[in-house]
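What follows is a single structure, written as structure tokens, with notes after it.
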Amino acid sequence: MTGTPAQPGATRPVLVPHSADWQAQGRTLTDDLLTALAPLAARVEHIGSTSIPGMTAKPVLDLQASVADLSAAEAAFGGPLAARGFQLSPHRHDHVPAGLDDDPARWTKRLWTRREAAGHSAVNLHVRRTGSPNERFALLFRDWFRAHPEAIASYARFKQELAGVVDSTDVYADVKDPVVDLVITVAEPWAAATGWKP
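Number 157 in the working numbering belongs to position 139 of the sequence shown; there are no gaps in the numbering.
Pasting the structure below:
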């Protein structure tokens, strides 16, 4: 779900144990980016595996900015993000989950990436429309795992096994996406039962 890695040119995906620093880094980054990108960015959230305590992950923080208009955001965000070391990626779509008959246009986004360098972390910034299915998907995935820590070890092991047998981060993402879709099929009843809202 998190898409293209922030370190182009990498071959095999590299996963590391969860770092306690990721939560603090995520808070610092989301606060800074919300200040820089408001008012077009209504919220900026730490998402993906690095946002889930105890989850093994690639050492790349995934963030999500929610906006009303992707074209306006693309035009406005270039300067502030370039000043922070981000580059706009050509990747503009998330995959539509398996079995869901939905218009792919509803799953569009903009993606900025930043490589790791002295003084800052590698980051993927996914800019998605407020209320879009892909914005909701990312938040539900994170919150379901946070509420079900007993599921973390199994998912982390799957990712580690997968990373050991594929030779590209693109293949890794393509194989992992349907498993993420399965997590969401379990998460949706939980969301309905608990009244979860993005």
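Cβ atoms here follow ideal geometry from the backbone N, Cα and C, with glycine treated the same way.
- Straight-line spacing of the CA atoms in Pro115 and Thr68 works out to 22 Å.
- Residue burial annotation: Ala83 is buried, with at least 16 other C-beta atoms found within 10 angstroms of its C-beta.
- In the structure shown, the three-state DSSP call for Val145 is strand.
- Secondary structure in the segment 98-143: the beta strand (DSSP E) runs of 3 residues or longer, each lying completely within the stretch, are 128-132 in chain order.
- The C-alpha of His113 is placed about 12 Å away from the C-alpha of Asp119.
- Taken through DSSP and simplified to helix, strand or coil, Ser172 comes out as helix.
- Contact between Val197 and Phe176 holds: CB atoms are separated by about 6 Å, below the 8 Å threshold.
- Unbroken alpha helix (DSSP H) stretches of 4 residues or longer found wholly inside the segment 36-98: 39-55, given in chain order.
- Counted as a single uninterrupted DSSP element, the alpha helix (DSSP H) harbouring Asp199 occupies residues Thr187 to Thr212.
- Here the alpha carbons of His111 and Ala91 stand approximately 15 Å from one another.
- Leu143 is a Cβ neighbour of Leu81, given a cutoff of 7 Å.
- Excluding five sequence positions before and after Thr29, the CB atoms of its chain that fall closer than 7 Å to its own CB belong to Asp185 and Ser186, given in chain order.
- Leu200 is classed as exposed because its beta carbon has fewer than 16 other beta carbons within 10 Å across all chains shown.
- Inclusion of Thr74 and Leu33 in the CB contact set at 7 Å is warranted, their separation being smaller than that value.
- Straight across, the Cα-Cα distance linking Trp214 with Val183 is about 36 Å.
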